[in-house]
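Chemist: Here you go, one structure.
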Amino acid sequence: MPTFDLKQLFLSKSKENSNIGTNNPEAINLTIAENTIKQYMLQEAFSKEVADAHLKGWIHIHDLGYPRIYCSGHSLEFLKKYGLELENLDTSSAPARHTRTLTGHLNTFLASMQAYYAGALGIGYLNIMYAPFLVNLPFKEIKQEAQYLIFSGSQNAFSRGGQSLFLDFNVHLGIPHYLINIPAIGPGGKYT
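According to my numbering, the sequence shown is numbered sequentially starting from 5.
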């Protein structure tokens with residue numbers, strides 16, 4: 005990376021990624037790494053024709069600086085059944101017994117998965133899969149848990165370069181026919 009570009013990076017926020025809110029040290033490191041990887045990918049991974057087309061603006065290779073899968077969809081059911089055990093953590097957690105713990109497991113899981121994907125991390129049927137943890141809770145507490153889930157998912161800026169997590173929470177108005185006869189997993193990883 006030319007010294008001029010590096011100096012500009014230190015003095016101003018990157019315009020490359022709108023998810024990076026501040027010009028923090030991790031964001032600077034990420035931008036340097038991205039620029040280096042982009043150059044490598046254009047020289048080594050793509051044909052000269054594709055690289056030239058990208059450099060001339062004829063095509064755009066999205067997230068070129070992230071040599072990994074773009075987006076992913078994950079199931080909350082695995083976390084509910086088995087708890088939290090990740091290769092990058094020295095600790096593990098048994099299946100959640102309370103809603104707040106489930107949300108903590110989900111946030112830790114998503115934060116760790118962000119390193120493996122360039123784009124959004126999706127969770128399907130979020131409200132349906134949370135439902136067994138909400139049985140017999142007062143409406144006020146359910147509302148508080150929903151608010152905590154949304155805020156804790158959207159206000160954690162500790163992933164790539166200080167970005168907030170890029171999440172896609174899918175909420176459904178009813179239970180799809182193909183889930184109706186599937187046993188629900190509730191607190192403690194037990195089927196309800």
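Ideal Cβ placement from N, Cα and C applies to all residues, glycine included.
For Asp-94, collect the residues of the same chain with a Cβ closer than 8 Å to its Cβ; drop the 5 residues on either side in sequence, then sort them by chain order.
Modeler: Hits under 8 Å: none found.
Chemist: Under three-state DSSP, which class holds His-58?
Modeler: Three-state DSSP puts His-58 in a helix.
Chemist: So for Ser-116, helix, strand or coil by DSSP?
Modeler: Reduced to three states, the DSSP call for Ser-116 is helix.
Chemist: Below 8 Å, can you find three or more Cβ-Cβ pairs linking the stretch 40 to 51 to the stretch 61 to 73?
Modeler: Yes, the stretch 40 to 51 is in contact with the stretch 61 to 73.
Chemist: For Thr-103, does the count of other Cβ atoms within 10 angstroms reach 16, so buried, or fall short, so exposed?
Modeler: Buried, since its Cβ has 16 or more Cβ neighbours within 10 Å.
Chemist: Is the beta carbon of Cys-75 sitting closer than 8 Å to the one on Tyr-129?
Modeler: No.
Chemist: Let me confirm a value: Ala-100 is counted as buried when at least 16 other C-beta atoms fall within 10 Å, else exposed. Which label applies?
Modeler: When all chains shown are included, Ala-100 counts as buried.
Chemist: Based on the DSSP output, what are the partners of Leu-125 in its beta bridges?
Modeler: Paired residues: Ser-76 and Leu-171.
Chemist: Taking 8 Å as the threshold (C-beta atoms), are Leu-153 and Ala-115 in contact?
Modeler: Cβ distance not < 8 Å, so Ala-115 and Leu-153 don't count as in contact.
Chemist: Quick one: what does DSSP say Ile-189 is sitting in, helix, strand or coil?
Modeler: Three-state result, Ile-189: strand.
Chemist: Quick check on Glu-38: does DSSP put it in helix, strand or coil?
Modeler: Three-state result, Glu-38: helix.
Chemist: Please identify the residue among Gln-118, Thr-105, Ala-150 and Ile-127 whose C-alpha is closest to the C-alpha of Ser-79.
Modeler: Closest option to Ser-79, Cα to Cα, is Ile-127.
Chemist: Using only alpha-carbon positions, find the residue among Ile-132, Leu-88 and Leu-59 that is nearest to His-181.
Modeler: Here the closest residue by C-alpha is Ile-132.
Chemist: For Glu-89, which beta-bridge partners are listed by DSSP?
Modeler: The partner list for Glu-89 (beta bridge, DSSP) reads Ser-96.
Chemist: What would DSSP say about Tyr-70, mapped onto helix, strand or coil?
Modeler: Of the three classes helix, strand and coil, the one that applies to Tyr-70 here is coil, per DSSP.
Chemist: Just the C-alpha distance for Glu-91 and Phe-82, rounded to the nearest angstrom, thanks.
Modeler: So the alpha carbons of these two residues sit roughly 15 Å apart.
Chemist: In chain order, what residues of the same chain lie with their CB nearer than 6 Å to the CB of Glu-149, ignoring the 5 residues before and after it?
Modeler: If we look at Glu-149 and ignore the five residues flanking it on each side, its Cβ neighbours are Thr-103.
Chemist: Measure the CB-CB distance between Leu-171 and Ala-119 and report whether it falls below 8 Å.
Modeler: No.
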